[in-house]
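Chemist: Final position of the sequence shown in the numbering used here is 278; the numbers increase by one with none missing. Ideal placement from N, C-alpha and C gives every residue a C-beta, glycine not left out. What follows is a single structure, and I will ask about it in a moment.
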Amino acid sequence: MDITGIMAKGQEIRKQAFIISYFAGGGHMGAAFSVADILAALYFGDVMKYDAQNPGWEGRDFLILSKGHAAFALYAVLQMAGFIGREELKHVCRPGSKFGGHPKMREIPGVEASTGALGHGLSFGIGNALADKTDNKKNHTYIILGDGECQEGSIWEGALSAPSLGLGNLTVIVDHNKLQAMDNLENIVKMQPFVDKWKAFGWNVTEVDGHNAGQLRDSLLIRCVDKPTLVIAHTIKGKGISFMEGVPIWHYRMPDEKELPIAMKELGISKEELGII
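Have a look at this one:
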């Protein structure tokens, strides 16, 4: 798919994530919107190998959404890629639904790890990549971390381990939107110099505009023989809705009746899609 097509997919992921949140009665839309273009590049930019009709295909690549609170964006991209049906997503977080506020493996096709308790996805993915390397498999493991999540000590244990294990089959993407639930990232725990920390641990590090499909695709296709790759994707939390962008309160909140029409217009959502008469 060309760059324009990937960008359109990213916007569609935001639209569908909003619709999921609307029917669910809430959701982490800020995080889902910032990660949308990253997911679009992975699934529709000829980066990841997958088979939606055979989710357990042994030749597939693995995507681990460590920042599991952005699950609605993951559900949206899995639906768009053909893993799940759209109708199912109208029942997210409802009694009897297998789709919760965080993704669950072995229940949802295409979900490779149950995440949500932050700080665990990196270690999980390192184990996955190490197993594939040990078995001489060609699979690649991708992990998406939140930048606030990188305040967890377990992240830095993993960051030390992966280069030591020579995991050239591992790519980590940091959704660097510079916000977390309560405030700006640097006002909670100072993370700078963020790039230098990862480089010092032995990672191949690249920085990109996390909303630029071309830069994302090029960086995600980088392969090193004996070291893992880290892509720091500079993003905007709440990207796509003007009043949400860069505002911490939108970590978890639904638009009120005055804000809803603005959000619908900016995402191209009709009343019919939300069941509004």
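Can you confirm whether K259, when its beta carbon is compared against all beta carbons of chain B, has any partner nearer than 8 Å?
Modeler: Here chain B cannot be found, since the structure has a single protein chain.
Chemist: Who pairs with L64 in a beta bridge, going by DSSP?
Modeler: Translated into the one-based positions of the sequence shown, residue 64 becomes position 63. Its beta-bridge partners are Y143.
Chemist: Per DSSP, which one or two residues make a beta bridge with D210?
Modeler: Taking the sequence shown and counting its residues from 1, one reaches residue 210 at position 209. Paired residue(s): H235.
Chemist: Tell me the DSSP secondary structure of D38 in three-state form.
Modeler: Here residue 38 refers to the residue found at position 37 of the sequence shown. Three-state result, D38: helix.
Chemist: Which residues bound the alpha helix (DSSP H) around V196?
Modeler: Position 195 of the sequence shown holds residue 196. Taken as a continuous stretch (DSSP letters only), the alpha helix (DSSP H) holding V196 covers 195-201.
Chemist: Any idea what DSSP makes of N129, helix, strand or coil?
Modeler: Counted from its first residue, the sequence shown places residue 129 at position 128. It is helical.
Chemist: I believe E150 touches G120 by the beta-carbon criterion, under 8 Å. Please report the beta-carbon distance rounded to the nearest angstrom.
Modeler: Counting from 1 along the sequence shown, the entry for residue 150 is found at position 149. Counting from 1 along the sequence shown, the entry for residue 120 is found at position 119. Between G120 and E150 the Cβ distance is about 6 Å, and since that is below 8 Å, they are a contact.
Chemist: Along the chain, where does the alpha helix (DSSP H) containing T5 start, and where does it finish?
Modeler: Translated into the one-based positions of the sequence shown, residue 5 becomes position 4. Note, T5: alpha helix (DSSP H), 4-25.
Chemist: Expressed to the nearest angstrom, what Euclidean distance is found between the alpha-carbon atoms of K272 and M265?
Modeler: On the sequence shown, residue 272 is found 271 positions in, with the first residue counted as 1. On the sequence shown, residue 265 is found 264 positions in, with the first residue counted as 1. Spanning the two alpha carbons is a distance of roughly 8 Å.
Chemist: Could you tell me whether the Cβ atoms of L171 and I156 are closer together than 8 Å?
Modeler: Indexing the sequence shown from 1 puts residue 171 at position 170. Indexing the sequence shown from 1 puts residue 156 at position 155. Not closer than 8 Å, so no.
Chemist: Using a threshold of 8 Å, state whether the C-beta atoms of A234 and H141 are closer than that.
Modeler: Position 233 of the sequence shown, counted from the first residue, corresponds to residue 234. Position 140 of the sequence shown, counted from the first residue, corresponds to residue 141. No, the Cβ-Cβ distance between A234 and H141 is not below 8 Å.
Chemist: List the residues that DSSP assigns as beta-bridge partners of I174.
Modeler: Residue numbering aside, residue 174 sits at position 173 when the sequence shown is read from its first letter. Partner(s): I145, V232.
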